[in-house]
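Chains as they are written, first to last, in our numbering: chain G, 8 to 259; chain U, 25 to 178.
Right, dumping it as structure tokens:
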């Protein structure tokens, strides 16, 4: 493939990697590897929301492209895995432009995410981490049920695509209200122990760790952006929890 | 009081399930779930072992993250494809989500000393986990190990 054919394809592939939660280093190294495999020189600069590409063969004008990557910096491990696995096939010099485009198009479209699976995952996560953080079986069971209900509500309102901060704040408020009710149903239950298991479904732990990995690789701008985003989300979640606990349980 | 051995066993079972289940929230499609679960067990077992040896929490977390990354590199080569869920799932029990939450909670309650203490712990834990992953992933790239099927994968 020529640089003119490869550059838009590489930008699309890189955008999928970024949008599904790859590290900046993974995207940059993947793109450099792709151009090198096709015998082109390249300069690649990747930020969390954008890709800057130039590629050329000696003696020709460079082909340059800027791609704005829209959407949240969410994690979709299934698509990320599929996108990473394209590195080998895309690097095949015998692969035609249309075949390569078909491969990238396949991972560009987000597949349907099953609501029941996400709800089950949220419920189980709340229960498991409720126990992991020292809660009783009854507290974990309460966290499980309440997390399932809140995840169902979040999926039901997903069509309005609330900003992550609003989503985190509202979800944490509802989760904490559920935790406050727990002692009325389960004698001796601690709202704090219940809610710490519940909020694990909201904590952006992967983004926090990825942000630190990016800064250690020298991708400071993207890292700060990712850490700020994850930090604000965590703050919104904590604010929701603290406001409700302070309102409903002064000694909490 | 519960037998400490059973308590550790229980923790490891929770780490096994606790590695698999949150991965579904991040779009994990469920394939190769045993490797993801074992990843959680490996990381948590090494962390607990480190704590039992008297290491500080960040050092034990560093060792746990190294173990998870080593396992993830091994699985990537074993199944000859990148499997991000193995690393992400395995690290999840080690991510200081609870400590971060406690720090922010203390901050919002104007408990500044506690907030500083918990915040420092959370940052140290997160850095230790990230350094552990970086160290092992970096070493795996330097050592002449047999590569995954798609050897150019980032």
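Ideal Cβ placement from N, Cα and C applies to all residues, glycine included.
Computed from a predicted structure; not experimentally measured.
Counting only Cβ pairs nearer than 7 angstroms, list the residues of chain U close to residue i.
i	result
residue 86 of chain G	51
residue 294 of chain G	Any property of residue 294 of chain G remains undetermined from this structure, which presents chain G solely from 8 to 259.
If I'm right that residue i touches residue j with Cβ under 8 angstroms, what's the distance once you round it to whole angstroms?
i	j	result
residue 186 of chain G	residue 145 of chain G	Not confirmed; about 13 angstroms, so no contact.
residue 49 of chain G	residue 62 of chain G	4 angstroms
residue 87 of chain U	residue 71 of chain U	7 angstroms
residue 166 of chain U	residue 97 of chain U	Not confirmed; about 12 angstroms, so no contact.
residue 37 of chain U	residue 131 of chain G	Between residue 131 of chain G and residue 37 of chain U the Cβ distance is about 13 angstroms, and since that is not below 8 angstroms, they are no contact.
residue 4 of chain G	residue 25 of chain G	Here chain G covers residues 8 to 259 and nothing more, so residue 4 of chain G does not appear.
residue 89 of chain U	residue 118 of chain U	6 angstroms
residue 199 of chain G	residue 181 of chain G	The Cβ separation is near 16 angstroms, so there is no contact.
residue 135 of chain G	residue 41 of chain U	5 angstroms
residue 129 of chain G	residue 155 of chain G	6 angstroms
Classify residue i: buried if its beta carbon has 16 or more other beta carbons within 10 angstroms, exposed otherwise.
i	result
residue 149 of chain G	buried
residue 140 of chain U	exposed
residue 183 of chain G	buried
residue 57 of chain U	buried
residue 175 of chain U	Confidence in residue 175 of chain U is poor, its pLDDT being 42 and thus under 50, which makes the residue's placement unreliable; the coordinate value appears in the next sentence. When all chains shown are included, residue 175 of chain U counts as exposed.
residue 249 of chain G	buried
residue 100 of chain G	exposed
residue 30 of chain U	exposed
residue 71 of chain G	exposed
residue 83 of chain G	buried
residue 233 of chain G	buried
residue 86 of chain G	buried
residue 165 of chain G	exposed
residue 144 of chain U	exposed
residue 96 of chain G	exposed
residue 95 of chain U	buried
residue 173 of chain U	The predicted model places residue 173 of chain U with a pLDDT of 48, which falls under 50 and marks its position as unreliable, so this point remains unresolved.
residue 58 of chain G	buried
residue 77 of chain G	exposed
residue 259 of chain G	Reliability of the predicted coordinates at residue 259 of chain G is poor, the pLDDT of 42 falling under 50, and the value obtained from them is presented with this limitation in mind. Residue 259 of chain G is buried by the Cβ-count criterion.
residue 178 of chain G	buried
residue 121 of chain G	exposed
residue 73 of chain G	exposed
residue 116 of chain U	buried
residue 48 of chain U	buried
residue 60 of chain U	buried
residue 209 of chain G	buried
residue 136 of chain U	exposed
residue 47 of chain G	buried
residue 106 of chain G	exposed
residue 32 of chain G	buried
Listing by chain order, which chain G residues have their CB less than 9 angstroms from the CB of residue i?
i	result
residue 164 of chain U	Within 9 angstroms Cβ-Cβ: nothing; residue 164 of chain U doesn't reach chain G, min ~14 angstroms.
residue 87 of chain U	None at all; the shortest Cβ gap to chain G is about 16 angstroms.
By the criterion of Cβ-Cβ separation under 9 angstroms, what are the contact partners of residue i in chain U?
i	result
residue 73 of chain G	Here the premise fails: no neighbours, minimum Cβ distance about 21 angstroms.
residue 31 of chain G	Within 9 angstroms Cβ-Cβ: nothing; residue 31 of chain G doesn't reach chain U, min ~10 angstroms.
Give the interface partners of residue i over in chain U, defined as CB-CB distance under 8 angstroms, in chain order.
i	result
residue 58 of chain G	The premise fails here: residue 58 of chain G is roughly 14 angstroms from chain U at the closest Cβ pair, so nothing lies under 8 angstroms.
What does residue i reach in chain G if we use C-beta pairs closer than 7 angstroms?
i	result
residue 103 of chain U	Simply none; closest approach about 11 angstroms.
residue 122 of chain U	140 and 203
residue 84 of chain U	Result: empty, since nearest Cβ-Cβ is about 16 angstroms, beyond 7 angstroms.
residue 149 of chain U	Ordered by position in chain G, no residue passes the 7 angstroms Cβ test against residue 149 of chain U, which lies about 10 angstroms from the chain.
Which chain G residues are close to residue i, counting only those with a beta carbon under 8 angstroms from its beta carbon?
i	result
residue 139 of chain U	Going along chain G, no residue has its Cβ under 8 angstroms from residue 139 of chain U, so there is no contact; the nearest lies around 10 angstroms.
residue 81 of chain U	Result: empty, since nearest Cβ-Cβ is about 15 angstroms, beyond 8 angstroms.
key: Positions along the segment 32-47 of chain U whose CB lies within less than 7 angstroms of some CB in chain G   = Sequence-ordered contacts of the segment 32-47 of chain U with chain G read 38, 41, 42, 45, 46 and 47 [C-beta pairs closer than 7 angstroms].
key: 4 or more residues per run - each alpha helix (DSSP H) lying fully within the segment 13-74 of chain G   = Runs of the alpha helix (DSSP H) inside the segment 13-74 of chain G: 31-44.
Where the segment 128-143 of chain G meets chain U: residues whose CB sits under 8 angstroms from a CB there = From the segment 128-143 of chain G, only 128, 129, 131, 132, 135, 136, 138, 139 and 140 have a Cβ closer than 8 angstroms to chain U.
ask   = Which residues, in chain order, does the segment 96-130 of chain G contribute to contact with chain U at a C-beta distance below 7 angstroms?
value = Result list: 98, 120, 124, 125, 128 and 129.
key: chain U contacts made by the segment 181-203 of chain G, where a contact means CB separation under 7 angstroms   = Taken in chain order, the members of the segment 181-203 of chain G whose beta-carbon sits within less than 7 angstroms of a beta-carbon on chain U are 203.
ask   = Going along the segment 90-101 of chain U in order, which residues come within less than 9 angstroms of chain G, judged by CB to CB distance?
value = The segment 90-101 of chain U vs chain G, Cβ under 9 angstroms: nothing.
Members of the segment 60-78 of chain U that neighbour chain G once the beta carbon cut-off is set at 8 angstroms = Of all residues in the segment 60-78 of chain U, none has a Cβ within less than 8 angstroms of some Cβ in chain G.
query = What are the complete alpha helix (DSSP H) segments, minimum 4 residues, inside the segment 33-114 of chain U?
reply = List check, alpha helix (DSSP H) in window: 57-76 and 81-102.
message = Quick check for students: name the residue ranges of the alpha helix (DSSP H) that lie wholly in the segment 162-235 of chain G, counting only runs of 4 or more.
response = Those alpha helix (DSSP H) runs which fall completely within the segment 162-235 of chain G and span 4+ residues are 171-192, 198-205 and 212-223.
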